[in-house]
Every structure is written in C-alpha cells, then in structure tokens.
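In this text, residue positions in the sequence shown follow my numbering: the first is 71, and each later residue adds one.
Worksheet: the structure to be examined is printed underneath.
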Amino acid sequence: MNTEIINEKQDLTYLRWSHIRGSSGTAGNFLKSESTIHGRKIYYKLSNFDPSVGVIGHECVNELIVDRLLTILGIDHLHYELINADIEIEGKIYNTYLCASEDYKKRGEAKTALDDYCRINSLPNEMPYDFCIRKGWRKYIDRMIAVDYLILNRDRHGANIEVLRNPHARTVRLAPLFDHGLSLLCTCYTDEEAASFDITGDKRCQNYIGSSSCLGNLELIQDKNSVFDGSLTSDDKARIFEGLEDVLSPVFTNRIWEMICKRYEYYESL
C-alpha cells in the first residue's frame, strides 16, 4: 500500500492543535496541527475531540480506509499515515491514533478554496458543477461525486476541494482528493450502532457541488463507465483493512466493507 500504520507509540506532545476552517454543519471538534520534518511540511488531524473523554470516533481511520480504496479504484488522492501517538491538548496528555499527510502543493503554488475561486471567477448564475466543467475539470468532479457516494461523505464543503495556482507558471489545477474522515460509519461509536446503521441509506450531506444528496448527485455524471480506472473485488477487503485489527472492531470492519461493497454494486448497476 502507499500508506503506513505506525503502531509503536510516538511522542507528538510538541504539536499544537487548533480548529481550522472546516465542518460547518457537522458535529464535533476536529483539531489540526502541522510541523516541518526534514524540510517537508506535515499536516496532522485528530478524530472527534471531546474535552471530557478525549479523542473518540474513527475519522482518522476512515482517511486511511478511503486512501486505500481510492488507490484500488485508480483515483488521484492524498495519502495518509495512521500514527499511534501521545499528544497534549490544554496541558493534558492523550493517547490516540491520528493521521498525517504531506503537503501536496508544488513549489510556487498557492491554494484557494473552490467556493472562493468560483465566487470570483464564475459567470452570472453559473452553478459550481457547470463552472468546473467549463474549467475542464469534469473527470475530477465526476470521480469526486462517485467516491462521495461510495463512502457517504458528509462533508464535501467548498473548502474540502482546493484550487492550486501558480501565477508565475500560469497553471491552475485541483488538489488531489482529500479529507474523507466524515464518511462511512463516522456517526457510530459502538458496535451496536455500527450493526444497526443503514449502510445504503442516503443521509443529508454538506456538498458544495450539486445537492445535499450524494445519491442524487450521481445524476450529474453523464458517463458513469469512465469514472473509475480500477475495480473493486472481494479480494480487496484484506488490502483495505490490513493492519487495522487492533484499531477497528470486527463489527466495524465488516460493516464498513459491506457498506462500500453494496454502494459500489449499486453504482455499477447504473
């Protein structure tokens, strides 16, 4: 795989955490941090943080699961590491798994949230999807829509799609797909909740492009056969969940896999 799991506990208490622009409309306190290691900028994310109980949920694990899924499907995306670490928040030490990723910007590039970029550059009354088509980003956006349906991504707001611009080279591109934590069984905290979750249901999601329905947004994709370069098979379960035996319970593992498969089968039927 292109990602790693570091199970040996790391000391990351030097990191300082803050809530960066993100999930309006989603519950929880999702903290982020960054550091520079050997000249590389590394970004860190926590799952849901509750000051009374610590870090809860599986958002960071979801990042790794979706990372591996997108590798299988042949879709350009940001890669994540899952790290067991001690961290410090407001003077208190917590042990948790967090995820880390490298900066995807190339030298000379600056990033802008897609909603801000559209607001400045779109035509009068032009919808975000149509704007992206006009910019030549149809395949990227169609892949994003299909992926968000597969994983039931609740949080594809306008800042979770980024435009990378290099004014000197006069290049504009979309960043690799990133930030998939609020997906899959992210609202489940117990095996009982996971077992009863409606894995094929259509939840209201915060989508900047299209509607609040990940299922309904599939109607925007004109050529559904050309979206994925790879295909999902039963053998991929072992690849996707490799090394997560001590992080996810068997109930969560099986339900997440069943969720991905059933939604993939439905998409293929279209």
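We put the CB at the ideal spot given by N, CA and C, even for glycine.
The structure displayed is predicted, hence computed values, not measured ones.
Open item on the list: Between Glu312, Glu74, Ile330 and Phe298, which has its C-alpha nearest Lys209's C-alpha?
Closed with: Your numbering for residue 209 matches position 139 in the sequence shown. When each option's Cα is compared against that of Lys209, the closest is Phe298.
Task: From Gln80, Pro121 and Arg325, residue whose alpha carbon lies closest to that of Leu255 - done: Numbered from 1 along the sequence shown, position 185 holds the residue referred to as residue 255. Leu255 has its Cα closest to that of Arg325, out of Gln80, Pro121 and Arg325.
Open item on the list: Within 10 Å of its beta-carbon, does Thr83 have 16 or more other beta-carbons around it, so buried, or fewer, so exposed?
Closed with: Here the question's residue 83 lines up with position 13 in the sequence shown. Label assigned to Thr83: exposed.
TODO: Note the first and the last residue of the continuous alpha helix (DSSP H) segment covering Ala16.
DONE: Residue 16 is absent from the model: the chain starts at 71 and stops at 340.
Open item on the list: Taking the straight line between their C-alpha atoms, what separation do you get for Ile291 and Ile75?
Closed with: The sequence position of residue 291 within the sequence shown is 221, counting from 1. The sequence position of residue 75 within the sequence shown is 5, counting from 1. Straight-line measurement puts the Cα of Ile75 at about 35 Å from the Cα of Ile291.
- [ ] Examine the Cβ distances between the region 136 to 153 and the region 303 to 320 and report whether three or more of them are shorter than 8 Å.
- [x] The region 136 to 153 is in contact with the region 303 to 320.
Task: Ile279 beta carbon less than 9 Å from that of Arg226 - done: Working through the sequence shown from its first residue, we reach residue 226 at position 156. Working through the sequence shown from its first residue, we reach residue 279 at position 209. Yes, they are a contact pair.
Task: Neighbourhood of Gly228 by C-beta, 6 Å cutoff - its chain only, sequence neighbours within 5 removed - done: Mapped onto the sequence shown, residue 228 falls at position 158. Within the same chain, Gly228 has close Cβ partners Ala183, Leu184, Asp185 and Tyr278.
TODO: Using 10 angstroms around the beta-carbon of Leu134, count the other beta-carbons present and answer buried if the total reaches 16, otherwise exposed.
DONE: Start at 1 with the first residue of the sequence shown, and residue 134 comes out as number 64. Classification of Leu134: buried, given that the 10 Å Cβ count is 16 or more.
Task: Assumed close pair Ser117, Val125 - CB separation to whole angstroms, cut-off 8 Å - done: As a working note, residue 117 is residue 47 in the sequence shown. As a working note, residue 125 is residue 55 in the sequence shown. Going by Cβ atoms, the distance from Ser117 to Val125 rounds to 5 Å, so yes, they are a contact pair.
Task: Residue nearest to Gly206 in terms of C-alpha spacing, selected from Ile163, Val233 and Pro194 - done: Within the sequence shown, residue 206 is the residue found at index 136, counting from 1. For Gly206, the nearest C-alpha among the options comes from Val233.
Task: Best match in Val321, Asp81 and Asn195 for proximity to Asp261 [C-alpha to C-alpha] - done: Within the sequence shown, numbered from 1, the residue matching residue 261 stands at position 191. Nearest of Val321, Asp81 and Asn195 to Asp261, Cα basis: Val321.
- [ ] Within its chain, find whatever has a CB closer than 7 Å to the CB of Glu104; leave out the 5 residues flanking it on each side and keep chain order.
- [x] Within the sequence shown, the letter at position 34 stands for residue 104. Lys111, Ile112, Tyr113 and Tyr114.
Task: Three-way DSSP call (helix, strand, coil) for Gln80 in this model - done: One-based indexing of the sequence shown puts residue 80 at position 10. Three-state result, Gln80: strand.
Task: Inside the region 194 to 241 only - alpha helix (DSSP H) runs reaching at least 4 residues - done: For the region 194 to 241, whole alpha helix (DSSP H) runs of length 4 or above, ordered along the chain, are 198 to 204 and 208 to 221.
- [ ] Could you have a look at Asn118 and say whether DSSP puts it in helix, strand or coil?
- [x] In the sequence shown, the residue the question calls residue 118 occupies position 48. Three-state DSSP puts Asn118 in a strand.
- [ ] State the Cα-Cα distance for the pair Gly271 and Glu335, rounded to the nearest angstrom.
- [x] Numbered from its first residue, the sequence shown carries residue 271 at position 201. Numbered from its first residue, the sequence shown carries residue 335 at position 265. Their Cα atoms are separated by approximately 14 Å.
Task: Supposed close pair Arg224, Leu247 - CB separation, criterion 8 Å - done: For this step, residue 224 is matched to residue 154 along the sequence shown. For this step, residue 247 is matched to residue 177 along the sequence shown. The pair is not a contact, with the Cβ atoms about 15 Å apart (cut-off 8 Å).
Open item on the list: Suppose the cutoff is 6 Å on Cβ atoms and the five residues either side in sequence are ignored; what does the same chain contact list for Gly144 look like?
Closed with: Taking the sequence shown and counting its residues from 1, the one referred to as residue 144 is at position 74. Same-chain partners within the cutoff: Asp299 and Gly300.
Open item on the list: Taking the alpha-carbon of His128 as reference, which of Lys332, Ile269, Thr166 and Ile190 has the nearest alpha-carbon?
Closed with: Counting from 1 along the sequence shown, the entry for residue 128 is found at position 58. That would be Thr166, whose Cα lies nearest to the Cα of His128.
Task: Segment limits, beta strand (DSSP E) that includes Ala180 - done: By 1-based counting over the sequence shown, the position of residue 180 is 110. In the DSSP assignment, Ala180 falls within the unbroken beta strand (DSSP E) covering Ala180 to Ala183.
TODO: Please name the residue or residues paired with Cys169 in a DSSP beta bridge.
DONE: Counting from 1 along the sequence shown, the entry for residue 169 is found at position 99. Its beta-bridge partners are Lys115 and Leu152.
- [ ] Name, in chain order, the residues that DSSP records as bridge partners for His147.
- [x] As a position in the sequence shown, residue 147 is number 77, starting the count at 1. His147 pairs with Leu247.
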